[in-house]
Every structure is written in structure tokens, then in C-alpha cells.
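So in my numbering, the last one in the sequence shown is 287, and the numbering has no gaps at all. In this text, a Cβ means the ideal position worked out from N, Cα and C, and glycines have one as well. Have a look at the structure below before the remarks.
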Amino acid sequence: MIALLLALGSSLAYGCADFLGGLGARRAHVLRTVMIAAPASLAVELLLWPLLGASFNAAVLGWGAASGVASAAAFALLYRTLAIGPMNVLSPVTALVSAALPVAAGLLQGEHLAAAGLVGLPLALVAVVLVSAGHGAGSTRPSSSALLLAFGAGTAIALQLICLHQAPADSGVAPLIVGRAVSSAISLAAAGLMRRRLGSERPAYAMSAAAGALDSVANLLFLLAARGGDLTVVAVIVALYPAGTVLLARGVLAERIHRGQLVGLGTAAVAVSLFAVT
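Below you can see the structure in the form of C-alpha cells.
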């Protein structure tokens with residue numbers, strides 16, 4: 010139950026971070042937003058070091074660095090995917106892949122689900138697709154290259170979660186620190202190489218920093234949930250993060266929640282209840 014609550018908290022934090030990051034990216038080039046969010050995220054994790062401890066060894070450095078590379082790749086692929094659309098098709102593909110691969114990894118590692126969990130798992134995967142599917146040009150078919158990018162983005166997100174899960178359980182926040190340092194270095198290097206294409210708009214500093222801080226909180230809650238529970242369950246609950254973004258968009262921006270998303274939210278509630286019973 011504790012792992013389930015931590016996974017729900019992680020999902021909510023990811024959704025809030027995406028919402029703030031998306032708003033920030035509307036005001037300036039997305040890499041300008043990342044240049045603020047990445048250091049803020051790393052600063053939060055460094056502040057957590059004295060509180061939660063950190064143990065560095067070869068395994069931690071390896072898995073942490075791998076998660077950082079996957080995180081940077083996920084960011085680049087995700088925004089490129091959503092830029093060439095249609096979002097209402099590609100976003101669910103990315104979310105589903107990011108949930109399905111960790112589930113498969115957990116099952117291959119010998120994790121087992123009780124009867125309620127076996128029902129809740131497919132329901133949660135369906136909820137991931139419904140919640141992340143916005144209203145758009147439903148008749149528009151994505152190109153093969155767009156679908157490949159969507160699969161790539163989902164795979165990169167999944168690999169980040171799997172790598173964090175593989176890091177030694179007694180390493181504290183060390184995998185997060187290493188991963189964020191690597192992903193920040195890659196993102197800042199990319200921003201430096203593309204500085205002439207970034208435009209002159211100033212980033213939303215507070216919003217971008219808050220997005221980075223929330224992303225660190227989400228990573229921490231996922232790590233704690235994965236250490237205390239099954240990756241099979243934790244990953245699919247975390248993948249419901251679009252629900253937080255949808256609800257914030259409704260409350261703050263007065264955006265409409267569409268019928269399919271409402272069904273997805275209800276399905277997610279049923280799935281979570283089944284996992285809680287398990």
C-alpha cells in the first residue's frame with residue numbers, strides 16, 4: 010500500500026511538472042526552459058542527499074548514468090514527437106510504451122500478481138491510453154516516422170525507470186544525482202550547440218525551476234516506490250501522469266476534459282483500487 014501511494018504521488022508530481030514545463034515552453038524555446046529546470050532539479054536532489062543519504066559505487070554510477078542518458082533522449086524524442094503530431098494519437102502511444110516495457114521487465118524478473126492485480130494491470134494500461142489521448146484531429150494518421158519517434162520516446166522513458174530500479178536499493182539518492190547530472194550536462198550541451206536557434210525570448214524562470222523541482226520529487230517517489238513494491242505495478246501507476254496534467258489544465262487553463270479522458274480517469278481509479286486490494 011505504501012508503494013502504491015508513493016507511485017500515485019510520483020505520477021501526480023510528473024503530471025504537475027509536465028504542466029509547468031509545457032507552460033514555460035510556450036513563452037520561450039523549450040531548451041531555454043530546460044536550462045533552468047535541469048539545474049533546479051539537480052539542486053533539489055543535492056539538498057536531499059544529507060536527508061536520505063547517498064552511496065556511490067560502480068553499479069550506482071553505471072545505472073545512474075544510463076538513466077540520465079535515457080532521460081535526455083526521452084526529452085528530445087518526446088518533444089520532437091509532439092511537434093510533428095497528431096498529439097491525440099502519438100501521446101497515448103508514448104505513454105503506453107513507457108508503461109508496458111517496465112511491466113514486461115518486472116514480469117521477466119519474476120514478479121507475480123494476484124488475481125485482482127491481473128485484472129487491474131490491463132485496466133491501468135487502457136487508462137494510460139485514454140487519459141493521455143487529447144481531443145484532436147481524430148481522422149489524421151501519423152506518419153511512420155512520427156510513430157517511430159513515439160515508440161522511441163516511450164522506450165527512453167521506460168529505460169530511465171528501469172535503470173533507476175536496477176540501481177542498488179541501499180544507494181539512497183545517489184542514482185538520482187548521477188542521472189540528473191548526466192541528463193543536465195547533455196541538455197545544457199545541446200542548448201549551447203543550438204544557441205543561435207533558441208531565439209531571444211526570456212524563459213519563465215520560476216515556472217521552469219518549479220517544473221524541475223517537481224520532476225526531482227517525482228523521480229524520488231518512483232525510486233522509493235520501486236524499492237518497496239513491484240516494478241510491474243509501480244511503473245503502470247506512474248505512467249498515469251497525464252491525469253495530473255489534464256486536471257491542472259482544466260483547473261488553471263479551463264481546458265475541457267473530453268469524454269474519453271473522463272472514462273480513462275474512472276478506469277484508472279478502478280485499476281488503482283484493484284492494486285490496493287492486491
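Query, Result
"Quick check: what's the CA-CA separation for residue 28 versus residue 180?", "30 Å"
"With DSSP collapsed to three states, give me the class of residue 62.", "coil"
"Is it the case that the segment 237–247 contacts the segment 13–25, given that we only count it when at least three CB pairs across the two stretches are under 8 Å?", "yes"
"So, with DSSP's three-state summary, where would you put residue 221?", "helix"
"Can we say the segment 131–140 touches the segment 272–284, given the rule of at least three CB pairs closer than 8 Å?", "yes"
"Output the distance between the C-alpha atoms of residue 103 and residue 75, rounded to the nearest integer angstrom.", "20 Å"
"Three or more beta-carbon pairs under 8 Å between the segment 43–58 and the segment 257–267, yes or no?", "no"
"Which same chain residues, not among the five before or five after residue 121, have their C-beta less than 6 Å away from its C-beta?", "none"
"For residue 191, is the classification buried or exposed, using 16 other Cβ atoms within 10 angstroms of its Cβ as the cut-off for buried?", "buried"
"Does the separation of the CB atoms of residue 50 and residue 239 fall below 9 Å?", "no"
"According to DSSP, is residue 238 helix, strand or coil?", "coil"
"Closer than 6 Å by C-beta to residue 148: which residues in its own chain qualify, once you throw out the five before and the five after it? Chain order, please.", "In this prediction, residue 148 scores a pLDDT of 46, lower than 50, which makes its location untrustworthy; no coordinate-derived value is stated."
"Going by beta-carbon coordinates alone, are residue 285 and residue 20 separated by less than 9 Å?", "no"
"Could you tell me how far apart the beta carbons of residue 140 and residue 242 are, in whole angstroms, since I believe they sit closer than 8 Å?", "Wrong, their Cβ atoms sit about 17 Å apart, outside the cutoff."
"Span of the alpha helix (DSSP H) holding residue 38?", "Where residue 38 is concerned, there is no enclosing alpha helix (DSSP H), given that its DSSP letter is neither H nor E."
"Starting from the C-beta of residue 271, find all residues in its chain whose C-beta is less than 8 Å away, skip the five residues before and the five after it, and write them out in chain order.", "none"
"Pairing CB atoms from the segment 167–177 with CB atoms from the segment 227–237, are three or more of them under 8 Å?", "yes"
"Helix, strand or coil, according to DSSP, for residue 201 in the structure here?", "helix"
"Taking the alpha carbon of residue 23 as the point to measure from, which residue in 280, 236 and 222 has its own alpha carbon closest?", "222"
"My assumption, with CB atoms under 8 Å, is that residue 188 sits in contact with residue 25. Please give the rounded CB distance.", "Not quite, the Cβ-Cβ distance comes to about 20 Å (not below 8 Å), so this is no contact."
"Leaving out five residues before and five after residue 167 in sequence, what residues of the same chain have Cβ atoms less than 6 Å from its Cβ?", "107, 110 and 111"
"Which value, in whole angstroms, describes the spacing of the CA atoms of residue 208 and residue 38?", "7 Å"
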